[in-house]
Amino acid sequence: MASEWDTHTSLTATGDGLFGAELDPGWVVGGGVNGGYLLGLIGKAIAETVPAKPHPLAVSAYYLSASTPGPAQVSTRVLREGGSVATVAAELGQEGATRITALATYGDLRAMPTDVGTTATEPTIPPIEECVPGTMAPEEVRRIAPLMERFDLRFDPACVGWAMGAPSGNGHIQAWFRMADGHEVDPVGLLMVCDALPPVTFDLGRPGWAPTLELTVHVRAVPAAGWLKVSHRTRNVAGGMFEEDCEVWDSAGRLVAQSRQLAMQPRG
Numbered sequence: 001m002a003s004e005w006d007t008h009t010s011l012t013a014t015g016d017g018l019f020g021a022e023l024d025p026g027w028v029v030g031g032g033v034n035g036g037y038l039l040g041l042i043g044k045a046i047a048e049t050v051p052a053k054p055h056p057l058a059v060s061a062y063y064l065s066a067s068t069p070g071p072a073q074v075s076t077r078v079l080r081e082g083g084s085v086a087t088v089a090a091e092l093g094q095e096g097a098t099r100i101t102a103l104a105t106y107g108d109l110r111a112m113p114t115d116v117g118t119t120a121t122e123p124t125i126p127p128i129e130e131c132v133p134g135t136m137a138p139e140e141v142r143r144i145a146p147l148m149e150r151f152d153l154r155f156d157p158a159c160v161g162w163a164m165g166a167p168s169g170n171g172h173i174q175a176w177f178r179m180a181d182g183h184e185v186d187p188v189g190l191l192m193v194c195d196a197l198p199p200v201t202f203d204l205g206r207p208g209w210a211p212t213l214e215l216t217v218h219v220r221a222v223p224a225a226g227w228l229k230v231s232h233r234t235r236n237v238a239g240g241m242f243e244e245d246c247e248v249w250d251s252a253g254r255l256v257a258q259s260r261q262l263a264m265q266p267r268g
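Structural data, given as structure tokens:
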């Protein structure tokens with residue numbers, strides 16, 4: 001039986017580098033479809049375009065306008081394919097308009113060293129049973145973000161004051177993460193995970209939909225099976241925008257993905 005993620009990101013090849021898709025309403029957040037879900041959909045199309053190099057290594061996407069549930073098209077164009085990596089341009093469109101344009105480098109992480117050396121520190125999150133389930137999020141949050149039903153999130157209690165009207169002001173949200181149906185996350189799925197938590201501005205007392213302007217993800221390894229740790233931080237809120245830095249750690253204690261996103265401040 002196909003997982004929910006595979007079903008919601010299924011593609012129909014319609015020509016040379018062209019794919020049809022159906023954006024599922026279960027991934028809506030605020031006034032559009034979640035940017036991580038859309039990037040994962042684009043990521044799948046790129047993987048099908050260069051099957052010998054199925055894994056994203058670096059992906060940068062610019063979000064031109066909000067996507068809506070319904071039919072969409074993904075186009076890919078191979079710019080260069082060498083011995084170990086390929087560079088591919090891709091666009092996602094709806095109703096004749098480009099919604100997202102992306103540039104990606106792909107390879108095969110299985111053929112690369114599995115060790116991940118880093119000076120970064122693995123997030124310290126209390127045991128899963130001591131964390132706060134995402135199902136306990138305020139009704140208004142779940143109403144504007146049905147995508148939260150796609151995940152099993154267990155938030156660090158130190159990072160959920162915003163849900164009770166007492167944000168910490170630290171600009172930090174972290175949680176244990178897995179798909180709601182237990183589907184294991186693969187390297188393409190990590191593109192989605194980097195945009196799965198509520199906007200980190202919630203912890204600054206600024207709740208609401210935060211439209212993505214640009215999102216860059218680096219994938220470092222195939223994640224080990226099991227729960228992931230996801231940590232979001234921001235240091236700058238200026239000019240009506242903020243950056244959101246994300247780290248994703250797997251059950252083996254490795255930093256398997258990291259990202260930086262530029263988004264608009266929530267409008268309430």
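Residue numbers (full-length UniProt numbering): 1 to 268.
C-beta atoms are modelled at their ideal positions from N, C-alpha and C, and glycine is treated no differently.
Being a predicted model, the structure only gives us computed values, none of them experimental.
Inspect the beta-carbon positions of residue i and residue j and report whether they are closer than 8 Å.
i, j, result
"residue 218", "residue 258", "yes"
"residue 187", "residue 163", "no"
"residue 19", "residue 78", "no"
"residue 76", "residue 49", "yes"
"residue 45", "residue 11", "yes"
"residue 228", "residue 39", "no"
"residue 276", "residue 64", "In the structure as shown, the chain begins at 1 and stops at 268. Residue 276 is therefore absent and cannot be evaluated."
"residue 132", "residue 173", "no"
"residue 70", "residue 23", "yes"
"residue 180", "residue 156", "no"
"residue 232", "residue 4", "no"
"residue 29", "residue 145", "yes"
"residue 107", "residue 57", "yes"
"residue 149", "residue 26", "yes"
"residue 244", "residue 120", "no"
"residue 87", "residue 105", "yes"
"residue 198", "residue 237", "no"
"residue 72", "residue 21", "yes"
"residue 171", "residue 234", "yes"
"residue 151", "residue 134", "yes"
Note down, in chain order, each residue of its chain lying with its Cβ closer than 7 Å to the Cβ of residue i, except the 5 sequence neighbours on either side.
i, result
"residue 221", "109, 114, 116, 254, 256"
"residue 189", "5, 40"
"residue 84", "107"
"residue 223", "185, 190, 250, 256"
In the structure shown, what three-state DSSP assignment does residue i receive?
i, result
"residue 263", "strand"
"residue 281", "Absent from the model: residue 281. The displayed extent of the chain is 1 to 268, so no value can be given."
"residue 11", "coil"
"residue 93", "strand"
"residue 111", "helix"
"residue 47", "helix"
Counting along the chain, where does the beta strand (DSSP E) carrying residue i start and finish?
i, result
"residue 31", "Looking at the DSSP string, residue 31 is not in any beta strand (DSSP E), and its letter there is neither H nor E."
"residue 23", "18-23"
"residue 103", "97-107"
So, does the CB of residue i fall closer than 8 Å to a CB anywhere in chain D?
i, result
"residue 209", "The chain labelled as chain D is not found in the depicted structure, where only one protein chain is given."
Tell me which same chain residues have a C-beta within less than 8 Å of the C-beta of residue i, skipping the five on either side of it?
i, result
"residue 240", "264, 265"
"residue 36", "191, 192, 193, 194, 195, 196, 215"
"residue 32", "66, 67, 68, 209, 211"
"residue 161", "167, 168, 203"
"residue 126", "156, 157"
By Cβ distance below 6 Å, which residues in the same chain neighbour residue i in space, the five residues on each side in sequence not counted?
i, result
"residue 205", "167"
"residue 60", "103, 216"
"residue 249", "122, 229, 255"
"residue 43", "56, 188, 191"
"residue 62", "101, 214"
"residue 226", "251"
Inset, instruction - Could you pull out every unbroken alpha helix (DSSP H) segment of at least 4 residues lying fully inside the UniProt domain "Acyl-CoA thioesterase-like C-terminal" (129-264), listed in chain order? - result: Entirely contained in the UniProt domain "Acyl-CoA thioesterase-like C-terminal" (129-264), the alpha helix (DSSP H) runs reaching 4 residues are, in chain order, 139-144, 187-193.
Legend entry - Every unbroken beta strand (DSSP E) within the stretch 64-91, with a cutoff of 3 residues, ordered by chain: You should have 70-81.
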